[in-house]
Ligand SMILES: Cc1cc2nc3c(=O)[nH]c(=O)nc-3n(C[C@H](O)[C@H](O)[C@H](O)COP(=O)(O)O)c2cc1C
């Protein structure tokens, strides 16, 4: 089959787009607003974009608050800081719960029964139950205009200034034990995947 997105002519009951770019890592973004209210939300339009300095991005659609912004975006643009927490099999339910649309003054870390930990370099909180935390300083936003206002997205870029890794995940050889980590990724519809011993394979790069 072939379709042109702008013609909306895929003819399928649901838009297949999200099922074609898989698996997507999940940036589980924690931030704090100017009044000190913590915020937590998952973003799967998320990735790393460079090494030196390590830089990550996530992309947010229109939010339900009166300013039309998602709380993560408002907090990050206001305070200049956020943490990207690694979502794992262990925390999958809380990750999903933290996507609930609640007013800006609702703390999703408390709401989901998770525990916040202070960061080392920034004021945004970390999630104690996540084995990896990337402390980030906000770099810039890029607006992606939608076909209508409701389809607008905004990409947030951040520089990773501090990295926390649970020591349990570092092998005797000094490698990250990704099988032990059990990271989860987003597929299309309501589907997810998990990195485990059955899904991992290794290939040498050609020289
Ligand atoms: C696994 C998962 C991935 C998501 N990815 C995105 C995304 O990439 N962009 C987005 O705008 N919303 C995404 N959402 C929805 C947001 O998490 C949701 O709108 C949330 O309420 C935003 O919270 P905030 O306003 O506190 O930032 C995702 C939800 C889930 C469960």
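Residue numbers (the working numbering): 22 to 228.
Idealized CB from N, CA, C, for every residue including glycine.
DSSP places residue 41 inside the alpha helix (DSSP H), whose first and last residues are 38-41.
Each of 84, 149, 143 and 44 was checked against the Cα of residue 53, and the nearest Cα belongs to 143.
Closest in C-alpha terms to residue 75, from the list 158, 200 and 163, comes 158. Where residue 164 is concerned, the enclosing beta strand (DSSP E) starts and stops at 153-165.
For residue 59, the Cβ stays outside the 6 Å cut-off from all heavy atoms of ligand 1.
Here DSSP, grouped into helix, strand and coil, assigns residue 180 to strand. Below 8 Å, enough C-beta pairs join the region 94-111 and the region 137-151 to call them touching: three or more. For residue 102, the enclosing beta strand (DSSP E) has its first and last residue at 102-107.
Using a cutoff of 6 Å, the CB of residue 188 does not count as near ligand 1, since none of the ligand's heavy atoms is closer than that. Residue environment: residue 164 is assigned as exposed (fewer than 16 neighbouring CB atoms within 10 Å of its CB, all protein chains considered).
Secondary structure note for residue 61: its beta strand (DSSP E) is the uninterrupted segment 59-64. Here residue 52 carries a strand assignment [DSSP, helix/strand/coil]. For residue 208, the CB contacts under 7 Å within the same chain, skipping 5 residues up- and downstream, are 40, 43, 44 and 214 in chain order. DSSP, read as helix, strand or coil, puts residue 81 in strand. Of 55, 97, 32 and 92, the smallest CA-CA separation from residue 177 is found for 97. Between the alpha carbons of residue 35 and residue 211 lies a distance of about 12 Å. A straight-line Cα-Cα distance of about 22 Å links residue 119 and residue 184.
The DSSP assignment places 199-202 as complete runs of the alpha helix (DSSP H) inside the region 180-224, in order along the chain (cut-off: 4 residues). Of the heavy atoms belonging to ligand 1, at least one sits nearer than 6 Å to the Cβ of residue 82.
Less than 7 Å separates the beta-carbon of residue 94 from that of residue 175. Beyond the five residues adjoining it in sequence on each side, residue 113 comes within less than 8 Å, by CB distance, of 205 and 213 in the same chain, given in chain order.
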